[in-house]
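Structure first, then comments.
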Amino acid sequence: MHRYLELARAEFRRHSTYRLAIAAGIFTNTIFGFIRAGVLFAAIAAAGGSINGYDPQQASTYVWLGQALLAPVAMYGWTEVSDRVRTGQIAIDLARPVDLQLSYWARDLGRAAFALPTRGLPPLLLGALIIGIALPPSWTAYPLGLVSLVLGISISFLCRYGMNLISFWTLDIQGYLNAYVLVLGLLSGFYVPVHIFPDWLRQAAYASPFPSMFQAPIDVLSGRASGVEAFPVLGVQLLWLVLLVVLTRLMLWRAAKRLVVQGG
Amino acid sequence: MAEPYARLSGRRTYLTLIGSRIRSQLTYRSSFFVNLVNSFFLGLLEFTEIYILLHNAPTLGGLTFLQAALVFGLANLGFALADLVFGQVDSIPRYLREGTLEAFLVRPLPLLAQMITADFQLRRAGRAVFALLVLIIVLVRMDLDLTAATTSLLLATPVVGAAIYGALFVLAGGIQFWIIDGTEFTNAFVYGGAYAGQLPGSVLMLPIRVLFTFVVPATITGYVPALLIMGLPGPPWLPAWLGWFAPVFAVSIWTLAGLAWRLGIRKYTGAGG
Numbered sequence: 074m075h076r077y078l079e080l081a082r083a084e085f086r087r088h089s090t091y092r093l094a095i096a097a098g099i100f101t102n103t104i105f106g107f108i109r110a111g112v113l114f115a116a117i118a119a120a121g122g123s124i125n126g127y128d129p130q131q132a133s134t135y136v137w138l139g140q141a142l143l144a145p146v147a148m149y150g151w152t153e154v155s156d157r158v159r160t161g162q163i164a165i166d167l168a169r170p171v172d173l174q175l176s177y178w179a180r181d182l183g184r185a186a187f188a189l190p191t192r193g194l195p196p197l198l199l200g201a202l203i204i205g206i207a208l209p210p211s212w213t214a215y216p217l218g219l220v221s222l223v224l225g226i227s228i229s230f231l232c233r234y235g236m237n238l239i240s241f242w243t244l245d246i247q248g249y250l251n252a253y254v255l256v257l258g259l260l261s262g263f264y265v266p267v268h269i270f271p272d273w274l275r276q277a278a279y280a281s282p283f284p285s286m287f288q289a290p291i292d293v294l295s296g297r298a299s300g301v302e303a304f305p306v307l308g309v310q311l312l313w314l315v316l317l318v319v320l321t322r323l324m325l326w327r328a329a330k331r332l333v334v335q336g337g
Numbered sequence: 045m046a047e048p049y050a051r052l053s054g055r056r057t058y059l060t061l062i063g064s065r066i067r068s069q070l071t072y073r074s075s076f077f078v079n080l081v082n083s084f085f086l087g088l089l090e091f092t093e094i095y096i097l098l099h100n101a102p103t104l105g106g107l108t109f110l111q112a113a114l115v116f117g118l119a120n121l122g123f124a125l126a127d128l129v130f131g132q133v134d135s136i137p138r139y140l141r142e143g144t145l146e147a148f149l150v151r152p153l154p155l156l157a158q159m160i161t162a163d164f165q166l167r168r169a170g171r172a173v174f175a176l177l178v179l180i181i182v183l184v185r186m187d188l189d190l191t192a193a194t195t196s197l198l199l200a201t202p203v204v205g206a207a208i209y210g211a212l213f214v215l216a217g218g219i220q221f222w223i224i225d226g227t228e229f230t231n232a233f234v235y236g237g238a239y240a241g242q243l244p245g246s247v248l249m250l251p252i253r254v255l256f257t258f259v260v261p262a263t264i265t266g267y268v269p270a271l272l273i274m275g276l277p278g279p280p281w282l283p284a285w286l287g288w289f290a291p292v293f294a295v296s297i298w299t300l301a302g303l304a305w306r307l308g309i310r311k312y313t314g315a316g317g
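Chain order of the listed sequences is Y and Z.
All residue numbers for the first sequence refer to my numbering, where the first residue is 74 and numbers rise by one.
All residue numbers for the second sequence refer to my numbering, where the first residue is 45 and numbers rise by one.
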């Protein structure tokens, strides 16, 4: 346990060195936040003041929480494991006395722990100050939201890790990654809340792990799923977490066998 | 030393380079096809946002679904064409970090021309195809009263839009020489511009509307000309007649981009490679 904590800590420190990148990230996420808020406000105004529970203030909360969670949840592009598979260094990694999955997971949580206050909170605060956001109806939204967020980050990590493991079978995974990012962008609720999708698309989203990465933490933190209503949301996240852990374990187990056969 | 290049001069050099890039991309047919399809779906998914919003509301920023789709199609086609040609400039920070830019600089061709030809990404064409498809469907379904003036506007807008977005890519590339770690800073203008441009400009809050019209002329690539084509007036700070001045916006942003690019390269001292 101690060594994984150390890995998380090292990753936390590593990310603190990119000051300019942090400032740039805050700037970009804030500009995008203003554009996204404007679009949703316009649609809500035309629809008569509210769309499926989203009034302007709820929409603003959704947008700015989303901009805040973008960096910590980090759903997009990550090829560290696949790069190591391509260069063959993965054989050395597998021989190390730490678990491959747990070490990357710990590091990803360390990265997220740094990204949340530095890249996440500033756009949220700016948005709250300039446009205004709704506070959750109950204080329980904060601890439950934190749990949901850790689950969301972990699900995001496991999906990315799983995509990387594909490189044990096919060396070029760029095509798969691109397709993954496309589907994820829509179904996670990143562009538009999953709750206002047309029925068929909403069903498709709920059948995927993507809303559990992004929409779920936003729902719990904003209090859209408040109090006991938060538990089904957390339950679904937990289910995806377990499923993805089992799946990626199986993948690595099969992959390691192939690696031995190839004499890596 | 210049002898080997003497036979290939001017435009032919670039055509030869682009031709070789396209042939090389077509070599791996399945990979090329997958990327082409992906790029088509990228356009489709971007459009989904407008579809979902107008599924919930009768209008968006005063425009109906078809009208909003016209804005999307015009701006998205412009951006897709710019991305096809200039998207590679986006990799400048990586070249700088890896110290591989020198390899380009020692060759007897301008850096920007090499950036364009070194990776002319035909696989990105899917996105342009999707935008074109949207435009065709919209024009068939929408009963437009086209005059010679609005027809020429319809044809010129994607080209001028491509020029504006292309300038943004180059401007961002030039700035990268100063802020290698700050790529995301320019993303706000390039990709933020692409996003803001394909939306009805009236949805943007006033300061953002002014930013993406008079600093980064994104609304000029779709919304403003679409207003002229449909005969609609514009919202505050965004009069429709601005659309007639789109080429002026393109020329001024290219002037800025050219300057940033030149200064950027002049500033570059190399990584000791």
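Every residue gets a Cβ at the ideal spot worked out from N, C-alpha and C, and that includes glycine.
Bridge partner(s) assigned by DSSP for residue i
i, result
"Z:L107", "Z:L104"
"Y:Y127", "Y:I124"
Limits of the unbroken alpha helix (DSSP H) element including residue i
i, result
"Y:R109", "R92 to A119"
"Y:R87", "H75 to H88"
"Z:F233", "T227 to G241"
"Y:E302", "Run containing Y:E302: none; DSSP gives neither H nor E here."
"Y:D166", "I163 to A168"
"Z:G170", "A169 to R185"
"Z:Y139", "I136 to E142"
"Y:F187", "L173 to A188"
"Z:P154", "Careful: Z:P154 lies outside any alpha helix (DSSP H) and carries neither H nor E."
"Y:G235", "A214 to L238"
"Z:P279", "From DSSP, Z:P279 is part of no alpha helix (DSSP H); its letter is neither H nor E."
"Z:M249", "No alpha helix (DSSP H) contains Z:M249, which DSSP labels as neither H nor E."
"Z:G131", "Note, Z:G131: premise wrong, no alpha helix (DSSP H); not H, not E."
"Z:A192", "A192 to Q220"
"Z:W298", "A290 to K311"
"Y:D292", "Q288 to S295"
"Y:P274", "It should be pointed out that residue 274 of chain Y corresponds to Leu in this sequence rather than to Pro. Run containing Y:L274: D272 to Y279, per the alpha helix (DSSP H) assignment."
Residue i versus residue j - alpha carbon distance
i, j, result
"Z:L149", "Y:F241", "37 Å"
"Y:L260", "Z:L107", "25 Å"
"Z:E93", "Y:Q131", "18 Å"
"Y:G225", "Z:R56", "53 Å"
"Y:A207", "Y:Y135", "9 Å"
"Y:A120", "Z:F293", "34 Å"
"Z:S64", "Y:A179", "45 Å"
"Y:V220", "Y:A186", "13 Å"
"Z:I252", "Y:Q247", "34 Å"
"Z:A172", "Z:G245", "21 Å"
"Z:V318", "Z:T60", "Because residue 318 of chain Z is not part of the residues shown, which for chain Z are 45 to 317, the question remains open."
"Z:Q132", "Y:D245", "20 Å"
"Z:L11", "Z:T195", "Because chain Z in this structure spans residues 45 to 317, residue 11 of chain Z falls outside the shown range and cannot be described."
"Y:G262", "Y:L143", "11 Å"
"Z:A175", "Z:G117", "5 Å"
"Z:Q158", "Y:P129", "48 Å"
"Z:G278", "Z:G287", "10 Å"
"Y:S89", "Y:L238", "28 Å"
"Y:E84", "Y:A147", "14 Å"
Cβ separation of residue i and residue j, assumed to be a contact under 8 Å, to the nearest whole Å
i, j, result
"Y:Y280", "Y:V306", "Sequence check: residue 280 of chain Y is Ala here, not Tyr. Contact doesn't hold; Cβ gap of about 16 Å is too wide."
"Z:G170", "Z:S83", "3 Å"
"Z:V204", "Z:L156", "Rounded, the Cβ-Cβ distance is 20 Å, inconsistent with contact."
"Y:A278", "Y:P271", "Actually they do not touch by this definition, with Cβ atoms about 11 Å apart."
"Z:L307", "Z:G218", "7 Å"
"Z:V254", "Z:G237", "Contact flag wrong, Cβ pair sits at about 13 Å."
Cβ-heavy atom distance, residue i to the ligand COA, below 8 Å
i, result
"Z:L177", "Inclusion of the ligand COA in the displayed structure is not the case, the ligand content being empty and no account of it being possible."
Reduced DSSP secondary structure (H/G/I, E/B, other) of residue i
i, result
"Y:D245", "coil"
"Z:T265", "helix"
"Y:A207", "coil"
"Y:M324", "helix"
"Y:F263", "coil"
"Y:T134", "helix"
"Z:Q165", "coil"
"Y:W151", "coil"
"Z:T60", "helix"
"Z:A147", "helix"
"Z:I223", "coil"
"Z:D189", "coil"
"Z:V78", "helix"
"Y:P282", "coil"
"Z:G287", "helix"
"Z:Y49", "The predicted position of Z:Y49 is uncertain, since its pLDDT is 49 and thus under 50; a value taken from the coordinates is nonetheless stated next. Helix, per DSSP."
Any C-beta of chain A under 9 Å from that of residue i
i, result
"Y:V158", "Given the protein chain composition of this structure (Y and Z), no chain A is represented."
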